[in-house]
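Novice: Residue numbers (this note's numbering): 725 to 946.
Where a beta carbon is used, it is the ideal one built from N, C-alpha and C, also for glycine.
Pasting a structure below so you can have a look.
Here you go:
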């Protein structure tokens with residue numbers, strides 16, 4: 725699988741993003757269609773454990789406290805709307821991920837993410853980026869060579885559902901120099917390098933997405 729191309733990971737980039745708090749995601753064109761749906765019910769342990777083994781999920785597998793914030797039916801950003809779209813395009817309509825989408829656009833990674841065949845994306849929610857402050861976020865957005873390795877650290881070159889992540893225990897990202905990401909817990913208690921999953925197992929055309937509550941920092945496996 726093609727890896728994202730970026731300049732080397734700088735100490736400046738790593739230090740700049742020692743954050744906390746909530747989420748973000750990908751990018752690009754909106755769109756998508758689908759049948760209407762009722763608000764997703766909280767996933768049960770059985771539904772979260774019913775992965776197919778290839779990391780693909782369905783709307784019934786989605787879980788987490790922030791999932792209720794997604795639009796319903798076939799509205800942009802809903803599960804029905806995002807499912808048929810490649811991940812960056814799907815994320816661009818997700819109201820939880822506007823900061824992540826802006827970051828992906830700033831580093832010109834939209835087409836790269838959309839062209840991947842099967843990946844897992846740990847998507848920091850907007851509050852995680854907000855913890856930086858607008859000035860710092862804008863500074864990083866203006867330095868794609870520093871920002872891109874951080875974004876790479878949120879993408880795994882294999883598709884996992886929550887059950888697969890829990891079984892793996894740790895996974896390598898496209899930023900291999902940043903070290904593996906540690907997975908702990910399971911189901912609703914799943915964490916990614918200590919970050920809580922706000923809405924997990926979100927299906928898109930080429931990725932399974934986990935919205936998390938902080939930005940992951942390369943080299944700081946917790």
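Per DSSP, residue 894 is paired with what?
Specialist: 906
Novice: From residue 831 to residue 818, what does the alpha carbon distance come to, in whole angstroms?
Specialist: 19 Å
Novice: Name the two residues that bound the continuous beta strand (DSSP E) containing residue 934.
Specialist: 931 to 936
Novice: Can residue 933 and residue 917 be called in contact, C-beta distance under 7 Å?
Specialist: no
Novice: Examine the Cβ distances between the region 776 to 789 and the region 872 to 886 and report whether three or more of them are shorter than 8 Å.
Specialist: yes
Novice: Please state whether DSSP places residue 856 in a helix, a strand or coil.
Specialist: coil
Novice: Using DSSP bridges, identify the partner residues of residue 845.
Specialist: 879, 933
Novice: On the three-state DSSP scale, how would you describe residue 867?
Specialist: The answer is coil: DSSP assigns residue 867 none of H, G, I, E or B.
Novice: Report the option in 835, 907, 842, 810 whose CA atom is closest to the CA atom of residue 882.
Specialist: Nearest option by C-alpha distance: 842.
Novice: By how many angstroms is the C-alpha of residue 822 removed from the C-alpha of residue 798?
Specialist: 19 Å
Novice: From residue 861 to residue 855, what distance separates their C-alpha atoms?
Specialist: 9 Å
Novice: What are the boundary residues of the beta strand (DSSP E) that residue 917 is part of?
Specialist: Boundaries for residue 917: no beta strand (DSSP E) harbours it, and the DSSP string shows neither H nor E there.
Novice: Tell me the DSSP bridge mates of residue 950?
Specialist: The chain is shown from 725 up to 946; residue 950 falls before or after that span and cannot be answered.
Novice: What whole-angstrom Cβ distance do residue 942 and residue 893 have, given they're in contact under 8 Å?
Specialist: Between residue 942 and residue 893 a beta carbon distance of about 19 Å is seen, past the 8 Å cut, so the two are scored as non-contacting.
Novice: Check the DSSP bridge columns for residue 926 and list the partner residues they point to.
Specialist: 933
Novice: How many Å lie between residue 795 and residue 801 at the Cα?
Specialist: Rounded to the nearest angstrom, the two C-alpha atoms are 6 Å apart.
Novice: Comparing alpha-carbon positions, which option in 810, 853, 867 lies nearest residue 844?
Specialist: 810
Novice: Suppose you measure from the CA of residue 812 to the CA of residue 837; what does that come to, to the nearest Å?
Specialist: Rounded to whole angstroms, the separation of the alpha carbons of residue 837 and residue 812 is 6 Å.
Novice: Hey, how far is the Cα of residue 815 from the Cα of residue 777?
Specialist: 24 Å
Novice: From residue 876 to residue 824, what does the alpha carbon distance come to, in whole angstroms?
Specialist: Residue 876 and residue 824: Cα-Cα distance of roughly 12 Å.
Novice: Helix, strand or coil for residue 781? Go by DSSP, reduced to three states.
Specialist: coil
Novice: Nearest by alpha-carbon distance to residue 781: which of 929, 803, 925 is it?
Specialist: 925
Novice: Around the Cβ of residue 913, are there at least 16 other Cβ atoms within 10 angstroms (buried) or fewer (exposed)?
Specialist: exposed
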